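Undergrad: If you want the working numbering, it's the 1-based position in the sequence shown plus 166. What follows is a single structure, and I will ask about it in a moment.
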Amino acid sequence: MTTIPRTGAVTPGPVLSARGLVKDWDVRVLHGIDLDVPAGQLLAIMGPSGSGKSTLLSLLAGMDVPTSGCVELGGQELSSMSERQLADLRLHRIGFVFQTTRFVRTLDLADNIALPALVARVDSPAQVRQRARELMERMGVAEVSHHHVTEVSGGQLQRAALCRALINDPDVLFGDEPTGALDSASAARVLDLLAGVVAEGRTLVLVTHDAAVAARADRVLVLVDGSVAEDLALGRDDGEDRAGRLEQVRRVLTRHGV
Ligand SMILES: Nc1ncnc2c1ncn2[C@@H]1O[C@H](COP(=O)(O)OP(=O)(O)OP(=O)(O)O)[C@@H](O)[C@H]1O
Ligand SMILES: [Mg+2]
167 MTTIPRTGAV TPGPVLSARG LVKDWDVRVL HGIDLDVPAG QLLAIMGPSG
217 SGKSTLLSLL AGMDVPTSGC VELGGQELSS MSERQLADLR LHRIGFVFQT
267 TRFVRTLDLA DNIALPALVA RVDSPAQVRQ RARELMERMG VAEVSHHHVT
317 EVSGGQLQRA ALCRALINDP DVLFGDEPTG ALDSASAARV LDLLAGVVAE
367 GRTLVLVTHD AAVAARADRV LVLVDGSVAE DLALGRDDGE DRAGRLEQVR
417 RVLTRHGV
């Protein structure tokens, strides 16, 4: 199994890097993206609808294959890995929260959250269920753990999706608008939780349309028409200057017409 170093470990290079990443659908959607993400960084990716954010995220997470260019995760080039190794990497080392949450409709929330860990078979089912319970408490969805996915709110579903993404203790967590279905108070709460996840040394790559979400990141990448238009270093958010950080993000977005 591939091991991705966390912060504090001896990390020779970035935990995640992309070189010359190109993706063609009917037309070219990504025009050669270069990116290095150090371990423990909270990176936000912003940009207009259709600028290629979700496409980039799925390439970085090894869920889709680039037309050309390469992605390295934990020092291993994804294109050199077999389907089985990739599946293993996704299951054990990566967490992913999708733009539209995908749950098994016939299972309740708790079972949906536990599922990836039951599949991974690293721990006993009892340990998995205990960890799922702890995560649900942390994310504030424990009270609906036995509800089916059709019986909870969009915000609860999104928080449950975060629990599921964290169940296998991933080193790198990818989120595609993980706060998109939330009101600003719930979004702020989820962000506090995500900041905690980063403080544990995990790397977080987050696509968001919300400047207030991006303002809490260490770094904001602005994608316009499939190219990096801006790479803004904000540094770690200590909660002291949220207004100033938000102002910086807004200024950059305005400059690029977002
Ligand atoms: N599977 C696909 N087949 C064909 N075209 C696609 C596919 N996925 C994405 N595209 C196209 O690629 C472009 C970028 O899409 P992408 O989903 O990456 O944008 P985005 O920045 O995430 O947008 P949004 O903010 O609306 O989620 C769009 O023009 C889209 O239509
Ligand atoms: Mg998208």
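The beta carbon of each residue, even a glycine, is placed where N, CA and C say it ideally should be. None of these values were measured; they are calculated from a predicted model.
1. Should VAL379 be listed as close to ligand 1, given that the test is whether its C-beta is under 7 Å from any heavy atom?
2. Using DSSP's beta-bridge definition, name the partner residues of GLN137.
3. Tell me where the beta strand (DSSP E) around THR369 begins and ends.
4. Any heavy atom of ligand 2 closer than 7 Å to the Cβ of SER224?
5. Where does the unbroken alpha helix (DSSP H) through GLU249 begin, and where does it stop?
6. Cα separation between GLY228 and ASP277?
7. Strictly by DSSP, which residues pair up with ASN399?
8. If you count every other CB in all the chains shown that lies within 10 Å of the CB of GLN293, and 16 or more means buried, which is it?
9. Given ILE199, which residues of its chain have a CB within under 7 Å of its CB, disregarding the five upstream and five downstream residues?
10. Between VAL288 and HIS258, what straight-line distance do the alpha-carbon atoms span, to the nearest angstrom?
11. In chain order, what residues of the same chain have a beta carbon less than 8 Å from the beta carbon of VAL176, not counting five sequence neighbours either side?
12. Considering GLY346, what are the terminal residues of the beta strand (DSSP E) in which it resides?
13. Among ASP391, ARG402, LEU226 and THR233, whose alpha-carbon lies nearest the alpha-carbon of HIS422?
14. Beta-carbon separation of GLN384 and LEU239 under 8 Å?
15. Can you round the beta-carbon distance between ILE279 and PRO336 to whole angstroms, since I take them to be within the 8 Å contact cut?
16. Give me the Cα-Cα distance between ARG304 and LEU281, rounded to the nearest whole angstrom.
17. Taking all protein chains shown into account, do 16 or more other C-beta atoms lie within 10 angstroms of the C-beta of VAL379, making it buried, or fewer, making it exposed?
18. What is the rounded straight-line gap between the Cα of LEU372 and the Cα of SER220?
19. Okay, do the segment 323-337 and the segment 359-369 touch, 3+ Cβ pairs below 8 Å being the bar?
20. Cβ-heavy atom distance between ASP391 and ligand 1 below 7 Å?
21. Applying the criterion that 16 or more other CB atoms from any shown protein chain within 10 Å of the CB defines a buried residue, is GLU343 buried or exposed?
22. Would you list the one or two residues that DSSP bridges to ILE211?
23. Considering just the uninterrupted stretch of the alpha helix (DSSP H) at VAL294, what are its terminal residues?
24. From ASP349, ALA351, ALA298 and ALA354, pick the residue whose C-alpha is nearest to that of ALA327; which is it?
25. Any chance the CB of SER248 is under 7 Å from a heavy atom of ligand 2?
26. When you get a sec, list the residues whose CB is within less than 5 Å of any heavy atom of ligand 1, chain order please.
27. Could you name the residues of the same chain whose beta carbon sits closer than 8 Å to that of ALA115, not counting the 5 residues immediately before and after it, in chain order?
TA: Per the coordinate set shown:
1. No, the Cβ of VAL379 stays beyond 7 Å of every heavy atom of ligand 1.
2. With the chain running from 167 to 424 in the structure shown, residue 137 is simply not present.
3. Residue range 369-373 is occupied by the beta strand (DSSP E) that includes THR369.
4. SER224 Cβ: outside cutoff for every heavy atom of ligand 2.
5. Its alpha helix (DSSP H) spans residues 249-258.
6. In a straight line, the C-alpha of GLY228 is about 25 Å away from that of ASP277.
7. Asn is not the amino acid found at residue 399; the sequence shown has Ala there. Residue pairing for ALA399: DSSP places it in a beta bridge opposite ARG385.
8. Classified as exposed, GLN293 has fewer than 16 neighbouring CB atoms from the shown chains inside 10 Å of its CB.
9. Sequence-distant partners of ILE199 (beyond 5 residues in either direction) whose C-beta falls short of 7 Å from its own C-beta, in its chain, are ALA184, LEU187, LEU222 and VAL394.
10. When only Cα atoms are considered, VAL288 and HIS258 end up about 9 Å apart.
11. Low confidence applies to VAL176: its pLDDT is 47, below 50, so where it sits in the model is not reliable, and the reading given next is rough at best. Hits under 8 Å: none found.
12. In the DSSP assignment, GLY346 falls outside any beta strand (DSSP E) and carries neither an H nor an E.
13. Per the Cα distances, ASP391.
14. In the sequence as presented, Gln is not what sits at residue 384; that position holds Asp. Between ASP384 and LEU239, the CB-CB gap reaches or exceeds 8 Å.
15. About 14 Å separates the two Cβ atoms, so there is no contact after all.
16. Each residue's alpha carbon lies about 18 Å from the other.
17. When all chains shown are included, VAL379 counts as buried.
18. The alpha-carbon separation between LEU372 and SER220 amounts to approximately 10 Å.
19. Under the 8 Å Cβ criterion, the segment 323-337 counts as touching the segment 359-369, having at least three qualifying pairs.
20. No, Cβ of ASP391 sits at least 7 Å from all heavy atoms of ligand 1.
21. By the 10 Å Cβ count, GLU343 comes out buried.
22. For ILE211, which the question treats as bridged, DSSP gives the partners VAL373 and LEU387.
23. Segment 291-305, the alpha helix (DSSP H) holding VAL294.
24. It is ALA298.
25. Relative to ligand 2, even the nearest heavy atom lies 7 Å or more away from the CB of SER248.
26. Chain-ordered, the residues whose CB falls short of 5 Å from any heavy atom of ligand 1 come out as TRP191, VAL195, SER215, GLY216, SER217, GLY218, LYS219, SER220 and THR221.
27. Lying outside 167 to 424, the shown extent of the chain, residue 115 is not represented and no answer is given.
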